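In the numbering used here, the protein residues as written are 86 to 1074.
This report concerns only the one structure given below.
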Amino acid sequence: MGSVKLPFSVQTRHGANFLLSFPISRFRSPFPAGARDYRGFIIQTLPSVDPCRLSYTNSHDKVSHFFTARASAEPLTEPIVEDKQLNVSTSGDSIRKRFLEFYAVRGHKVLPSSSLVPEDPTVLLTIAGMLQFKPIFLGKVAREVPRAATSQKCIRTNDIENVGRTSRHQTFFEMLGNFSFGDYFKKDAIRWAWDLSTVEFGLSAENLWISVYEDDDETLAIWHDEIGVPVQRIKRLGEEDNFWTSGATGPCGPCSEIYYDFHPERGHSDVDLGDDSRFIEFYNLVFMQYNKKDDGSLEPLKQKNIDTGLGLERMARILQQVPNNYETDLIFPIIEKASNLANLSYKFADESKKTYLKIIGDHMRAIVYLISDGVFPSNIGRGYVVRRLIRRAVRTGRLLGIKGDGMGNLDGAFLPILAEEVIKLSTNIDTEVKIRAARIFEELKREELRFVSTLERGEKLLEQILTDALSTAQINGTVPCISGKDAFVLYDTFGFPVEITKEVADERGVGIDMESFDVEMDSQRRQSQAAHNTVKLSVENGAELTENISDTEFLGYDTLSTRAVIEGLLVNGKAVEQVSEGNEVEVLLDRTPFYAESGGQIGDHGFLYVTKSGNVKEAVVEIKDVQKSLGNIFVHKGTVKEGVIDVGGEVEAEVDTNLRQRVKVHHTATHLLQSALKKVIGQETSQAGSLVAFDRLRFDFNFNRPLRENEVMEIEGLINKWIGDATLLRTKVMQLADAKNAGAIAMFGEKYGAQVRVVEVPGVSMELCGGTHVSNTSEIRGFKIISEQGVASGVRRIEAVAGEAFIEYVIARDNYMKQLCSTLKVNAEDVTTRVNNLLKDLRDARGEVSAARAKAAIYRASTMISKAVTIGSSLKIRVLVESMDEIDGDALKSAAEYLVDSLEDPAAVVLGSCVDEKRVSLIVAFSPGVVGLGIQAGKFIGPIAKLCGGKGGGRPNFAQAGGSEPEKLGVALEKAREELVSFLSEKSG
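Below, the structure written as structure tokens:
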């Protein structure tokens, strides 16, 4: 056997030793001297050998195998091929592929990334690679494979202010992970993490440091004794850094991290692994081995798991030898595109411009993948996250000098152009992104152009805040300062970085209360971390129950009643053996006809009966809800109405047939509605949520405008036609891939296994659905849309009724119409005309009342002219500041206009009124001569209004304000009088 060259990328050195490995299946016995069988690989450590005599590459599977020329083992007949290249690709795509292949050959099933919208209701967005496996870690769902590997899309916004300012913070990132579900544990996880880092990716062992939990001697021993890491490069860290918990209780365990040292020449003394200038943590290994109990004590888990995470962008930074994550090939093409739009060179830009470019590069990835996964801008929940990211990107682009689309169209949008670059990079991350490109561009353009006007308002607000701060300081004799709350509103609502607000304020001699701003920021950060950055796991009683209770057998597609055995009873979440009359209870049965809430369809209602001979009812439980828990166990929630029920007892489970029929009708109608929407407004529309209830259906869909009246009518007409066609439905169980190839549509929020249930209305719709449906569309009887409205940016909601609910709706509306006709004394066809005439009469009457009030106010104002004072000797300025109680804003405006005209130029009028016990109205009117002296009504009124709990603004010659503290109106008017007299006296002197 000849000697061949050992590729750099597969060389691992531990001091003076080399670790060699090759698949056992590729070699005949006997093994080389000193070699051993390790999980299907032959492992051998050789001291001080020439690495150029160790490598062999198999031409069949392209996997490198290593052996020594002195060994007696011989490979199979595959010929030796040419040496592996030294400059192995370090692109982000290559790193991802090599990671997944590394673990695939070690028995891991490579699974796709889950959506950024998690199924877990306790988490707003997918923040970790382990999230899709949470039910397995909890033991709620049986594992399908013992080992898995993924590249998971993740979003975290709790440290958004650090994005672009540090070398590693990102909102969007990919987490590469390998997972063990009760299979391998610490030794294998550590060995493979080390081999991946040093062999596959070729990192020098001298550059790697390890952290372990301070009490985890076992892990430290593995790293030192088996891997060979010197103790001086292993750091013990405390619970805050190296002990992972899922919450106050539940699965937990120590973790160990691998750090890359960019400056090993600095030595081993006084090392801080948190020093970002020297280290970056790139691989975290969580050893999930304990359950944390209510009293804080730890008990060993029966099934120990491995959860790891390797940051793709961090590894790319290391291998590509760039100073930060943003300059890797995963992000930098977006930055380069943004630089071009801003007419900048990233290389020669100053640090602030580079920071802005990094922010855009990061945020654009998060924005595109969020929208692709169905998260559209809104003011709540996930929608607010994407809206905030978009607004920060737009604001940052303006700071870079990007105008319009950056390509000459000043009315255009630049985010869609940057999104094109993100989509180009998405091929190996998420293939669906390119398919949804048109929708992403459309949403970004609309949101950016909408925000541009918001941004302009924000800039105007900043100007108003600065003016008010200066005026208030002048009035009170204090130093002008913007409150932390105002600065936070500018930051959070309008996307103004506080640094920019501070810079603009400094130019005007105004400070910022940064202490109170930091309080606002900390409050938001705590809320963000609590809501978005914790994956909650809990074992509690569920783990105990699953040991004795198997999945519930669902019979509800074929029958609405069955005999069943009570396998468990819960009261207030605690397992009990017996429940008596009057108590609320959760009942677990071995089989059930009750549908458990899922796929938007609510759970069935009905009864459980315990009977004795002669069908005499000994106990009755009324069921008002059914939920799935602990995998596929149905939890029947209800109240014991009569008697006593016991674990092990037999019951007759009966679904309320009327309510089941109502929900079946609404579920099938929902499928028809989705098909009708696609036909009327376009195939690109998609479901964004649904509710299938007894009394109505609700359907959320992605669309960027309200439906027109004729579209609503067309949708209703199509659905009612399909109902009248009396089409038989088809249901069948298929392989998921076959169902998708057949054109079946997946229902929102559902998770599908290898086999799926397909519900088809031939010629109309075909969807993957586990819900209950009618047998024939004629059972729906009728369909009516009762409302259509927007619920978020780009998301519309239809509520509708069908079947019995449709008939009830029509009867109720008919009764309302009869009552209206009786009241108005007209026929139904004349109601609209009669109502329009009444509205016109009402508007005319209101106009007459308003005119009368204005005349009364002007009359009262005419009696006040004599109260005006004259300021100045040469330039005589008439000033009138008075209260006119119980005059509304419009009448007060008329009075002020009358007075400023009557007093003649130059004149200044300030009027105030207590409209009622809770409202104040203020008016300021200046003649042209007063405005010419340098005072503006719009700016003058702000500080005055604040004194009585209000705010306002307006033009230089006329301004209005409102307030909420009528008791302070006198103080406000007196302050206005003092300010006017002081200013005008100085100017007219």
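C-beta atoms are modelled at their ideal positions from N, C-alpha and C, and glycine is treated no differently.
Just so we're clear, the structure is a prediction, and the values are computed from it rather than from any experiment.
In this chain, M851 is not harboured by any alpha helix (DSSP H); it is covered by the beta strand (DSSP E) spanning 850-853. The DSSP-derived three-state label of G1027 is helix. Checking the DSSP bridge columns, you'll see Y298 partnered with L322.
Its chain contains N861 as the residues whose beta carbon lies nearer than 6 angstroms to that of L813, once the 5 sequence neighbours on both sides are disregarded; these appear in chain order. DSSP lists G774, R882 as the bridge partner or partners of D785.
Short of 7 angstroms from the beta carbon of D553, and not among the five residues preceding or following it, lie these beta carbons of its own chain, in chain order: G1027, P1028. Taken in chain order, the whole alpha helix (DSSP H) runs of length 4 or more contained in the stretch 987-1012 number zero. In this structure the stretch 433-451 does not touch the stretch 837-850; the number of beta carbon pairs closer than 8 angstroms is below three.
D346: member of the beta strand (DSSP E) spanning 335-346, first to last residue.
Cβ-Cβ separation between G723 and V797: approximately 39 angstroms, too far for a contact (criterion under 8 angstroms). The stretch 626-694 is shown to contain whole beta strand (DSSP E) runs of 3 or more residues at 646-656, 659-661, 663-665, 669-674, in chain order. In this structure, the beta-carbon distance from G214 to G396 does not fall below 7 angstroms. Apart from sequence neighbours up to five positions away, the residues of its chain that approach G594 with a beta-carbon distance below 7 angstroms are P565, ordered along the chain.
If you draw a 10 Å sphere on the C-beta of K697, you find fewer than 16 other C-beta atoms in it, and that means exposed. Under the DSSP assignment, I307 falls outside any beta strand (DSSP E); it carries neither an H nor an E label. Collapsing the DSSP output to three states places C1033 in coil. For the set S265, G767, L201, the Cα lying nearest the Cα of E517 is the one of L201.
Runs of alpha helix (DSSP H) with 4 or more residues, each lying fully within the stretch 456-485, are found at 466-484, listed in chain order. In this structure the stretch 267-279 does not lie against the stretch 243-253, because fewer than three pairs of beta carbons, one per stretch, are closer than 8 angstroms. Between the alpha carbons of S987 and L965 lies a distance of about 11 angstroms. With contacts defined by Cβ atoms closer than 7 angstroms, V994 and A1010 form a contacting pair. Out of V934, T857, L674, S341, the CA that lies nearest to the CA of T644 is found in T857.
For L924, the three-state secondary structure derived from DSSP is helix. Annotation: L322 to S538 spans about 50 angstroms, alpha carbon to alpha carbon.
A contact is defined here as three or more CB-CB pairs under 8 angstroms, and the stretch 937-953 meets this definition with respect to the stretch 967-985. In the three-state reduction of the DSSP assignment, Q904 falls in the helix class. A distance of 7 angstroms or more separates the beta carbons of T755 and L792. A direct Cα-to-Cα measurement between N327 and D392 gives close to 14 angstroms.
The beta-carbon distance between E506 and K443, rounded to whole angstroms, is 15 angstroms. This is too long to meet the 8 angstroms contact definition. Assigned with DSSP and collapsed to three states, A831 falls in strand.
Residue environment for F286: buried (at least 16 other C-beta atoms within 10 angstroms of its C-beta). Taken atom to atom, the span from the alpha-carbon of N922 to that of D973 is near 27 angstroms. Exclusion of the five residues before and after L1069 leaves I956, I962 as the residues of its chain whose Cβ lies within less than 6 angstroms of its Cβ. Relative to the Cα of R253, the nearest Cα in the group L209, N409, G932, A761 belongs to N409. The continuous beta strand (DSSP E) containing H721 extends over residues 718-727. Under the three-state reduction of DSSP, G596 is assigned to strand.
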